[in-house]
Ligand code: DC
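Residue numbers (this note's numbering): 4 to 238.
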């Protein structure tokens, strides 16, 4: 594939709760790259669809809605170093997108080919000039199969559920471990069993299991892998 890029694209895929966002953001900051959290696209669509009364199984309506949102620039994403801020028609919706309900709804709407097609070009445009760390589910397999460095960041469902519980507790919300574990497993199943662009490791992605690693250790390990890569051999 011909590329205009002079700087690399780093793809980080993996299941929900593996720490992709924090690690990708930190890595991007270290490299002086932009960070793009692609889950925000699907979360935003799920949120707007719910407000508009569009069901999560209505592929045609969801595809139309996604296309309209892209075409009219009704959604604005600010992938900053402290977190992703999302605006719909000028109103910030970032906090509303972080709930587990929206996470599950995002998982359901993202299973439709119509929706994935609508967001594909937008993601590729965001990576046009390179120098971007993308995190998602299908970055290394579908969006940027030619990404320069690919990671599949994972952790055991138990560890991911524990992290989610701590995260919620830090926000002052009490959630049970068993409910959270069930949600983590449900999302894994939805994301990996779907027919279109399922969550799976790209053949050339390095697997990083963060179960026993701190965030710092994970970032270090990934930065080490990236440094070992000789970008100068690229076009
Ligand atoms: O990463 P996240 O939890 O914000 O993602 C929310 C949902 O969006 C996730 O369950 C599956 C979907 N998603 C996707 O299908 N492809 C991506 N590249 C990113 C997210």
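Just so it is clear, CB atoms sit at the ideal spot from N, CA and C, and this is done for glycine as well.
- Counting only runs of 4+ residues, the alpha helix (DSSP H) found wholly inside the stretch 115-140 occupies 116-129, in chain order.
- Within a 10 Å sphere around the beta-carbon of residue 23 sit 16 or more other beta-carbons, which makes this residue buried.
- Proximity of the beta carbon of residue 46 to the ligand DC is indicated: a heavy atom of the ligand is located closer than 8 angstroms.
- Close CB contacts of residue 120 within its chain, under the 8 angstroms cut and outside five residues either way in sequence, are with 66 (chain order).
- Annotated as proximal: residue 168 and residue 180, with beta-carbon spacing under 9 angstroms.
- In this structure, the C-beta of residue 41 approaches the ligand DC to less than 8 angstroms from one of its heavy atoms.
- Beta-carbon to beta-carbon, residue 127 and residue 146 are separated by about 7 angstroms, close enough to satisfy the 8 angstroms threshold.
- Boundaries of the alpha helix (DSSP H) around residue 25: 23-34.
- Counting only residues of its own chain and dropping the five nearest sequence neighbours on each side, residue 10 has a CB closer than 6 angstroms to the CB of 133, 134.
- Going by DSSP, residue 88 is part of the beta strand (DSSP E) stretching over 86-91.
- Sequence-distant Cβ neighbours of residue 21 in its own chain, meaning closer than 8 angstroms and more than five residues away, are 156, 157, 158, 163, 213.
- Residue 228 and residue 183 have their alpha carbons spaced roughly 32 angstroms apart.
- Between residue 112 and residue 52, the C-beta gap is smaller than 9 angstroms, which places the two residues in contact.
- DSSP lists 135 as the bridge partner or partners of residue 37.
- Distance from the Cα of residue 32 is smallest, within the candidate group 129, 13, 109, for 13.
- Within the model, the alpha-carbon separation for residue 131 versus residue 8 is close to 6 angstroms.
- Put simply, the backbone Cα of residue 197 is about 11 angstroms away from that of residue 203.
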